[in-house]
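Just add 93 to the spot in the sequence shown (first one is 1) and you have our numbering. One structure is given below, encoded as structure tokens.
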Amino acid sequence: MRLSGNGFRSDDQPLLEVDDLRVHFDTAAGRVRAVNGVSLSLAQGETLGIVGESGSGKSVLSRAIMGLIAEGGPNHRSGSVRFDGLELSDLSSRELRNYWGTEMAMVFQDPMTSLNPVKRIGAQFTESLRHHLDMGRKEATEQAIEVLRSVGIPGPEGMIRRYPHELSGGMRQRVTIGIALACSPRLLFGDEPTTALDVTVQAQILDLLKQQQVDRNMGLILVTHDLAVVRGRSDRIAVMYAGRIVETAPTATLFTSTRMPYTEALIGALPPLSGPTHARLRAIPGRPRTSSILRKVVRSTRGVPMPRIAAWSRHPRCWLRRIPPTSRRAGIPSDRSRARRRWK
């Protein structure tokens, strides 16, 4: 039996079990395997850090676990997700709504897009409290004030009457955390909750998440691309690359006995404080090369004036269809014969 600093035991039944989870998207360029056979587990009160580069599949994984990615159309989802022994993959979207907020919740990356800009903070708090906990308006408002006070919002009585655009970035993120914690979930996802914040506010938000997790004995999955964020705030770390988890280890072990070259490169990419300034960071091996389309665009447009590029972009064989064509005033000739001959 292993006992962590948060009090969870490794021999207990896991709060969350994910087995061979796969999420694929059909696009015009082909099938994208965003999550490709991920398996993991999380105990009650444990903190799991999921790290990796942008595009490695971290956010898609957390959304798929919560059931926010529906099956059908271009989305293909398979695998098993068990929450406290219950198979979530068998539940419909309507049934999953009963678990969102009360059993599991998510702190999204950008509070400006996750908060409703035309609704006051208090209305966004009381909505979930009245729906899930069947509270009255007055009771829900009092509960919202207490939650805002617990996440460090000064003057919560007046804050509930303000709109999101009236708050700073750090305050908006605290409000987002408060809304996620309002119904006391047992599992909390933090999807890059400190990306748009400065270093001082980042530390405050991370300390707040850790304190709330300890007080409520929640399971916490912290998704980030910064290893420094999870180094002192997680029990285990899972490293993702190209939709797969390539290494999982306790936090202390991962930094002292790295097994994967990719993980070693991620650690080596952290800028050392004691090193010389303007030192080149190590390149991460195995990064996908620049796409052939982008290389063709760079070669084709080198030294060519923009009006000619805009004319080419309307040609059916051109790779520059995404460049908006400029107006005739920019000098684009009405006759495209020269552009067509260029591509023959």
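Glycine included, C-beta positions come from ideal geometry on N, C-alpha and C.
Residue i in three-state terms, based on DSSP
{"i": "residue 326", "result": "coil"}
{"i": "residue 451", "result": "Look at the range of the chain in this structure, 94 to 437, and you will see that residue 451 is not part of it."}
{"i": "residue 149", "result": "coil"}
{"i": "residue 215", "result": "helix"}
{"i": "residue 225", "result": "helix"}
{"i": "residue 307", "result": "helix"}
{"i": "residue 292", "result": "helix"}
{"i": "residue 253", "result": "coil"}
{"i": "residue 357", "result": "helix"}
{"i": "residue 300", "result": "helix"}
{"i": "residue 386", "result": "Note that residue 386 has pLDDT 44, beneath the 50 cutoff, so the model's placement of it is unreliable and the number below is only indicative. Residue 386: helix per DSSP, three-state reduction."}
{"i": "residue 283", "result": "strand"}
{"i": "residue 114", "result": "strand"}
{"i": "residue 206", "result": "helix"}
{"i": "residue 245", "result": "coil"}
{"i": "residue 162", "result": "coil"}
{"i": "residue 198", "result": "strand"}
Given residue i as reference, the closest of the options once Cα atoms are compared
{"i": "residue 262", "options": "236, 295, 233, 250", "result": "295"}
{"i": "residue 199", "options": "347, 277, 356, 233", "result": "277"}
{"i": "residue 166", "options": "339, 225, 120", "result": "120"}
{"i": "residue 206", "options": "258, 156, 194, 122", "result": "258"}
{"i": "residue 126", "options": "145, 147, 153, 106", "result": "153"}
{"i": "residue 163", "options": "317, 116, 176", "result": "116"}
{"i": "residue 112", "options": "351, 181, 329", "result": "181"}
{"i": "residue 219", "options": "202, 201, 194, 204", "result": "194"}
{"i": "residue 341", "options": "145, 108, 106", "result": "145"}
{"i": "residue 353", "options": "338, 159, 106, 183", "result": "338"}
Residue i burial status per 10 Å Cβ neighbour count (16 or more: buried)
{"i": "residue 212", "result": "exposed"}
{"i": "residue 140", "result": "buried"}
{"i": "residue 293", "result": "exposed"}
{"i": "residue 123", "result": "exposed"}
{"i": "residue 178", "result": "exposed"}
{"i": "residue 151", "result": "buried"}
{"i": "residue 313", "result": "buried"}
{"i": "residue 137", "result": "buried"}
{"i": "residue 308", "result": "exposed"}
{"i": "residue 202", "result": "buried"}
{"i": "residue 346", "result": "exposed"}
{"i": "residue 350", "result": "exposed"}
{"i": "residue 217", "result": "buried"}
Contact belief for residue i with residue j at Cβ below 8 Å, rounded distance in angstroms
{"i": "residue 208", "j": "residue 265", "result": "6 Å"}
{"i": "residue 244", "j": "residue 301", "result": "6 Å"}
{"i": "residue 305", "j": "residue 274", "result": "6 Å"}
{"i": "residue 253", "j": "residue 270", "result": "That pair is no contact at about 15 Å."}
{"i": "residue 174", "j": "residue 133", "result": "About 10 Å; that fails the 8 Å criterion."}
{"i": "residue 330", "j": "residue 142", "result": "4 Å"}
{"i": "residue 333", "j": "residue 149", "result": "4 Å"}
{"i": "residue 214", "j": "residue 267", "result": "At roughly 11 Å, the Cβ-Cβ gap does not stay under 8 Å, so residue 214 and residue 267 are not in contact."}
Counterpart residues of residue i in DSSP-defined beta bridges
{"i": "residue 191", "result": "Partner(s): none; residue 191 has no beta bridge."}
{"i": "residue 143", "result": "316, 331"}
{"i": "residue 343", "result": "329"}
{"i": "residue 180", "result": "175"}
{"i": "residue 134", "result": "110"}
{"i": "residue 125", "result": "118"}
Interface flag, residue i vs chain B, CB-CB below 7 Å
{"i": "residue 361", "result": "Looking for chain B here will not work: only one protein chain is present."}
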